[in-house]
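*Asks:* Residues are numbered in the numbering used here as their position in the sequence shown, beginning at 1, plus a constant of 28.
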Amino acid sequence: MSLITIVLVLIVVGVLLALINRYIPMAGSIKTILNVVVILCVIVWLLSVFGLVNLGSLGNVKLK
Numbered sequence: 029m030s031l032i033t034i035v036l037v038l039i040v041v042g043v044l045l046a047l048i049n050r051y052i053p054m055a056g057s058i059k060t061i062l063n064v065v066v067i068l069c070v071i072v073w074l075l076s077v078f079g080l081v082n083l084g085s086l087g088n089v090k091l092k
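1. By the DSSP assignment, the alpha helix (DSSP H) with Ala46 in it spans what residues?
2. Near Ala55, which residues of its chain fall below 6 Å by C-beta distance, leaving aside the five closest residues on each side in sequence?
3. I need the DSSP call for Val70, collapsed to helix, strand or coil.
4. Give the secondary structure of Gly56 by DSSP, where H, G and I count as helix, E and B as strand, and everything else as coil.
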């Protein structure tokens, strides 16, 4: 994945999150949870893009 694609995805996600926060009325706690979840997903995605986390290995996790 090219650096331009990564930057464009980050810009789109940031603009969408800002628009949701500004124009969709919701409680402050829900906005905080939404922001944290989106930021954590973006961080995990970036780590996987740069090869620091292997998300393919998550399918091998077995719960007893």
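Heads up, the beta-carbon is just placed ideally off N, CA and C, and yes, glycines get one too.
*Replies:* In this structure, then:
1. 31-51
2. none
3. helix
4. helix
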